[in-house]
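Each residue of the first sequence is one higher than the last, beginning at 98 in my numbering.
Just so it is clear, CB atoms sit at the ideal spot from N, CA and C, and this is done for glycine as well.
Just so it is clear, the structure is predicted and the values come from calculations on it, not from any experiment.
Only one structure is covered here, and it is reproduced in the block below.
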Amino acid sequence: MTASPVKTRFAPSPTGELHLGNVRTALFNALLARRHGGVFLLRIEDTDAGRSREPYVEALQSELQWLGLQWQEGPGADAGHGPYRQSGRGPLYARHFQALEAAGLSYPCFCSPETLAAARAAQRRAGRPPRYPGTCAGLSQAEVRARIEAGERPTLRFRVPGGRQIRFEDLVRGPQHVGSDTIGDFIIRRADGTPAFFFSNALDDALMGVTHVLRGEDHLTNTPRQLLLLEALGLPAPRYGHIAMIVAADGSPLSKRGGSRSVRELRERGFLPGALINHLARLGHAYAHEGYQSLDELAQGFDPGHLGRSPARHDETQLLHWQREALARAGDADLWEWMASAGAGAYLPAGKSLDFVRTVRDNVRLPEEARAWAANLFAETGRLDPRARAVIAEAGAEFYRAALRALETQGRDDFRAYTRSLQKATGTKGRGLFMPLRAALTGEVDPAADAGETGLWQHGPELAWVWQLLGPEPVRRRLELALQECESN
RNA sequence: GUCCCCAUCGUCUAGCGGUCCAGGACAUCGGCCUUUCACGCCGAAGACGGGGGUUCGAGUCCCCCUGGGGACGCCA
């Protein structure tokens, strides 16, 4: 058998939407697997029945696929280690719980959540780290049996061996060591019989043959426990790498911030998968190549050793840059679909969609901006921005009379020829020629200045394209409106 | 509260004792190009959090402070 040298995994719990932090973890794992021609596995950790939601299971899968992070093993791709949802692995867990209990490596604990909370509070008050006091560690068989018969439902705790030094080599942080005495006996099975994270997560990694686990720094202190657990179970442990978390632009935890951080939200706003991937891949990871890269290229350049150890801030300005790069690589037809998602289609005359895309594609970053241009070009004839108004007034009625005359005499199809003749007629050129035209045709002269809160507007689209797209009649109308504007002053 | 981790331009980062009066990218600003804008090209401004050490020499090593993050759950 030629087992893949590398198997990574992403193991989300479907208790909420995928956010930037989750997805970055998934991305790094996918990249690592791809880098080594290995397998990227997806496992759904839905052991918390109370908080897991089926729609999230669906959503996370489709979002992963949308991002191009297809798993080679997992739901819908059984490679013999399934089921890939923890809710379906009960029998597997039971067997290993039994092994642990039989070996005396775990024990039933009858302490109530309230007692436990009180104990923690007391320890904290006393300036000590909260740790399980070991109340039930020494219960006799008889007592355990009696309490269970009396109707009590115990949890199962892992008996942490004392006096041990746990060492492991973290893929991104280097050598780590922790004394086992700083770890309290922890729960591996809840009172309702379901497995707790420490247990099911570590066990499944071992059972599924996962070789490398890249996960959030928040799991760093879990690792020694899982290592101990795996050792007790006699199972191989994967190599762990703990990556720094992503924080909001102001440095605060992402989880405590509003704004778009869920993948769904970002997707709905129109961000492209490639933009997200390129942005995320560089958050906490240095790439030799600065430019936009495909998933494959990113994988080739990926190295856990290049992963940063300090929290990286998610700054949407950077994401917007990658969005522009991703947009530049998209085809017109795809972009039309993308623009239409924000309703740009509602304003467009039939058959104009691709011309519209070509006209504005370099001037938009989000579909909403495309919609705004569609409205501007096809639905808002006569709407003039104050600055456009000023430019029109300054150009003067004579300019627009000449512009209308030139429209009669010159070919309407040739924008260059048109502007050349207009230049001759008015004696204007460059800015003086184009700005009044732009003002009349789009009602905007410096859209960028209008960006404001939304940051939506970009610079104006190529005037020649606008001219062509609008067609002769609308162009005439807009020029006439500009003329009226001058005359009414 | 206790323990752990981290700390270079506004942001993402390079830097693994001298080759760093700290390099790149994004953003910003200026110029060139273009019969407008954008793109592109050129350029500017912009950082080693503070204090002690170690060393001939520290962004790079050690300590303290400060700041940030994380863990301490019958969440994952």
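Which of helix, strand or coil does DSSP assign to aspartate 547?
Residue placement at aspartate 547 is flagged as unreliable, the pLDDT there being 42, under the threshold of 50; a coordinate-derived value is accordingly withheld.
Just confirm the distance between the C-beta atoms of arginine 606 and aspartate 302, as a whole number of angstroms; I'd bet it's less than 8 Å.
Look at the range of the chain in this structure, 98 to 586, and you will see that residue 606 is not part of it.
Would you mind stating whether isoleucine 285 and phenylalanine 255 have Cβ atoms separated by less than 7 Å?
Closer than 7 Å, so yes.
For alanine 439, does the three-state DSSP call read helix, strand or coil?
Residue state, collapsed to three classes: coil.
For the beta strand (DSSP E) holding phenylalanine 265, just list the boundary residues, first then last.
Note, phenylalanine 265: beta strand (DSSP E), 262-267.
Would proline 180 pass as a contact of tyrosine 153 if the rule is Cβ separation under 7 Å?
For proline 180 and tyrosine 153, no; Cβs fall outside 7 Å.
Buried or exposed: which applies to isoleucine 340, given that a residue is buried once 16 or more other Cβ atoms fall within 10 Å of its Cβ?
By the neighbour-count rule (16 or more Cβ atoms within 10 Å), isoleucine 340 is buried.
For proline 350, does the three-state DSSP call read helix, strand or coil?
Looking at proline 350 - three-state DSSP - the assignment turns out to be strand.
If you check the beta carbons only, do alanine 476 and methionine 436 fall under 7 Å apart?
Not a contact, by the Cβ cut-off of 7 Å.
Between the C-alpha atoms of glycine 552 and arginine 366, what's the straight-line distance to the nearest angstrom?
Residue confidence is low: glycine 552 scores 37 on pLDDT, short of 50, so the model does not pin down where it sits. No coordinate-derived value is stated.
Does aspartate 282 pass the burial test, meaning 16 or more other C-beta atoms within 10 Å, or should it be called exposed?
Buried: at least 16 other Cβ atoms inside 10 Å.
Identify every run of the alpha helix (DSSP H) within the region 322-395, keeping only runs that are complete inside it and at least 4 residues long; order them along the chain.
Listed in chain order, the complete alpha helix (DSSP H) runs (minimum 4 residues) inside the region 322-395 are 360-366, 370-378.
Might you give, ordered along the chain, the residues of its own chain that have their beta carbon closer than 6 Å to the beta carbon of proline 571, omitting 5 neighbours on each side?
Counting only Cβ-Cβ distances below 6 Å, and skipping sequence neighbours, we find nothing.
Name the DSSP beta bridge partners of lysine 104, please?
DSSP output for lysine 104 lists Val136 as bridge partner(s).
Give the C-beta separation of alanine 485 and glutamate 541 to the nearest angstrom, bearing in mind that I take them to be a contact with Cβ-Cβ under 8 Å.
6 Å between Cβ atoms; contact.
Can you tell me the Cα-Cα spacing of alanine 591 and glycine 442, whole angstroms?
The structure shown does not extend to residue 591, since the chain is modelled only from 98 to 586, so the question has no answer here.
Compare the Cα-Cα distances from asparagine 126 to each of Leu416, His382, Ala522 and report the closest residue.
Among Leu416, His382, Ala522, the Cα nearest to that of asparagine 126 is on His382.
Only counting the same chain, and skipping five residues up and downstream in sequence, which positions put a Cβ closer than 6 Å to that of histidine 116?
Result list for histidine 116: Arg358, Ser359, in chain order.
For the alpha helix (DSSP H) that histidine 418 lies in, which residues bound it at each end?
It spans 413-425 - the alpha helix (DSSP H) in which histidine 418 sits, taken as one unbroken run.
Closest to leucine 504 by C-alpha separation, out of Arg573, Arg535, Pro483, Gly527, would be which residue?
Nearest of Arg573, Arg535, Pro483, Gly527 to leucine 504, Cα basis: Arg573.
Answer with buried or exposed for histidine 376, where buried requires no fewer than 16 other C-beta atoms within 10 angstroms of its C-beta.
When all chains shown are included, histidine 376 counts as buried.
Quick check: leucine 268 and glycine 338, are their CB atoms within less than 7 Å of each other?
In contact: leucine 268 and glycine 338 (Cβ atoms closer than 7 Å).
If you check the beta carbons only, do threonine 308 and proline 272 fall under 7 Å apart?
It is not a contact, given that the beta carbons lie outside the stated cut-off.
Rounding to the nearest angstrom, what Cα-Cα distance links lysine 521 and glutamine 390 in this structure?
Between lysine 521 and glutamine 390, the C-alpha separation is close to 48 Å.
May I ask you to list the residues that DSSP assigns as paired with phenylalanine 283?
DSSP lists Phe255 as partners of phenylalanine 283.
Can you name the start and end residues of the alpha helix (DSSP H) that leucine 451 belongs to?
Here the alpha helix (DSSP H) through leucine 451 covers 450-457.
In three-state DSSP terms, what is glycine 185?
Looking at glycine 185 - three-state DSSP - the assignment turns out to be helix.
Between Thr539, Pro569, Arg458, which has its C-alpha nearest aspartate 511's C-alpha?
Looking at the Cα atoms, Pro569 is the closest of the given residues.
Does the separation of the CB atoms of arginine 458 and leucine 474 fall below 7 Å?
It is not a contact, given that the beta carbons lie outside the stated cut-off.
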